[in-house]
Amino acid sequence: MKNDRDRIRALLYHSKPSPGKIKVIPSKNYSQQTDLSLAYSPGVAYPCLEIHKDSENVYKYTSKSNLVAVISNGTAVLGLGDIGPLASKPVMEGKGLLFKIFADIDVFDIEIDAKNIDEFIRTVKNIAPTFGGINLEDIKAPEAFEIEKRLVNELDIPVMHDDQHGTAIISGAALINALELAEKKIDKVKMVICGAGAAAISCAKIYVSLGLKKENIIMFDSKGPINIDRSNLTEEKQKFITNKTSIKTLSDAIDDADVFIGLSKANMMTKEMLLSMAKKPYCFCNG
Numbered sequence: 001m002k003n004d005r006d007r008i009r010a011l012l013y014h015s016k017p018s019p020g021k022i023k024v025i026p027s028k029n030y031s032q033q034t035d036l037s038l039a040y041s042p043g044v045a046y047p048c049l050e051i052h053k054d055s056e057n058v059y060k061y062t063s064k065s066n067l068v069a070v071i072s073n074g075t076a077v078l079g080l081g082d083i084g085p086l087a088s089k090p091v092m093e094g095k096g097l098l099f100k101i102f103a104d105i106d107v108f109d110i111e112i113d114a115k116n117i118d119e120f121i122r123t124v125k126n127i128a129p130t131f132g133g134i135n136l137e138d139i140k141a142p143e144a145f146e147i148e149k150r151l152v153n154e155l156d157i158p159v160m161h162d163d164q165h166g167t168a169i170i171s172g173a174a175l176i177n178a179l180e181l182a183e184k185k186i187d188k189v190k191m192v193i194c195g196a197g198a199a200a201i202s203c204a205k206i207y208v209s210l211g212l213k214k215e216n217i218i219m220f221d222s223k224g225p226i227n228i229d230r231s232n233l234t235e236e237k238q239k240f241i242t243n244k245t246s247i248k249t250l251s252d253a254i255d256d257a258d259v260f261i262g263l264s265k266a267n268m269m270t271k272e273m274l275l276s277m278a279k280k281p282y283c284f285c286n287g
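Read in this note's numbering, the sequence shown has 131 at position 131, and its numbers run on one by one without any break.
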């Protein structure tokens with residue numbers, strides 16, 4: 001936030017008139033005793049038995065088909081880092097709000113206190129029957145890649161990791177439009193990516209699939225440029241190693257770059273860096 005007024009405004013928004021941003025409301029009548037006897041006992045037994053006979057009936061008699069779980073362990077919260085599951089809850093509620101207002105999809109936000117991959121996956125699998133889809137959110141790399149991959153293979157409902165799929169798809173579309181406006185060819189542009197987490201890696205992958213050349217990408221993590229002099233890189237980072245060892249700093253890399261992708265902590269780019277970029281540059285930065 002830019003100043004204390006913005007901070008106070010945000011805190012009031014989240015706390016008044018009632019805490020949080022989402023709530024559960026009934027979708028059926030409940031004003032009469034007969035309504036309640038249908039909603040619960042004894043009437044609820046009939047849809048239970050229909051689902052027991054054929055599990056697909058769960059989509060006919062419950063809200064499963066329109067209910068998504070937004071799940072995080074709070075290890076990579078949008079620019080704030082590993083702040084834990086409890087502090088990540090406002091973000092997960094916010095994602096629930098977006099699902100509802102833009103797609104009329106209901107959400108339960110679920111914050112899991114587990115950094116261990118197996119424990120996290122086991123928890124998600126155990127609660128999966130409740131939902132029609134799983135949206136993983138703000139889980140740090142490289143764990144995020146394995147979690148998403150395993151859950152996709154082991155669950156029978158759609159699973160996406162927003163930092164990978166959502167950010168990559170949206171920014172890919174934005175890149176296509178930006179380069180068209182700038183009259184630049186994607187296979188010619190020079191790109192700098194600040195960040196090497198799940199979002200950054202996935203964005204880079206989709207840009208390459210759109211025609212960007214890997215050799216025209218310089219990616220930075222918290223230790224500097226990902227180049228051939230680095231060791232102990234994760235498998236995902238190794239896919240974007242550059243041989244340009246003369247580039248030591250973000251400022252070096254941004255000089256004459258066409259596109260800057262900011263997917264790390266805040267305030268990494270300076271005004272001077274922006275002015276050093278090529279003509280008609282584009283900067284995509286996370287909030």
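Just so it is clear, CB atoms sit at the ideal spot from N, CA and C, and this is done for glycine as well.
Give me the Cβ distance between V70 and G43, rounded to the nearest whole Å; I'm assuming they're in contact under 8 Å.
The pair is not a contact, with the Cβ atoms about 31 Å apart (cut-off 8 Å).
CB of G94 within 8 Å of CB of D82, strictly
no
Nearest-angstrom Cα distance between R150 and Q33?
46 Å
Assign H161 to buried or exposed, taking buried as 16 or more other Cβ atoms, counted over all protein chains shown, within 10 Å of its Cβ.
buried
Considering E146, what are the terminal residues of the alpha helix (DSSP H) in which it resides?
143 to 154
Check whether I226 and I241 have beta carbons under 8 Å apart:
yes
Roughly how many angstroms lie between the CA atoms of V77 and K265, to the nearest whole one?
10 Å
How long is the line joining the alpha carbons of L155 and K271, rounded to whole angstroms?
46 Å
Would you kindly work out how many angstroms separate the C-alpha atoms of I189 and E50, rounded to a whole number?
Checking the displayed sequence, the identity of residue 189 turns out to be Val instead of Ile. Taking the straight line joining both Cα atoms gives about 58 Å.
Assigned secondary structure, P90 (DSSP; H/G/I helix, E/B strand, else coil)
helix
Of the choices M269, V68, K184, S41, whose alpha-carbon is the least far from that of K279?
K184
Using a Cβ-Cβ cutoff of less than 7 Å, which residues in the same chain neighbour M1 once the five nearest sequence positions on both sides are dropped?
Only weak support exists for where M1 lies, its pLDDT of 47 falling under 50; the value from the coordinates is given anyway. Counting only Cβ-Cβ distances below 7 Å, and skipping sequence neighbours, we find R7, A10.
Pull the bridge partners of L274 from the DSSP assignment, please.
DSSP, once it has assigned bridges, lists no residue as partnering L274.
Three-state secondary structure (DSSP) of L250
helix
So A257 and V208 are in contact, right, with Cβ under 8 Å, and what is the actual spacing, rounded?
At roughly 17 Å, the Cβ-Cβ gap does not stay under 8 Å, so A257 and V208 are not in contact.
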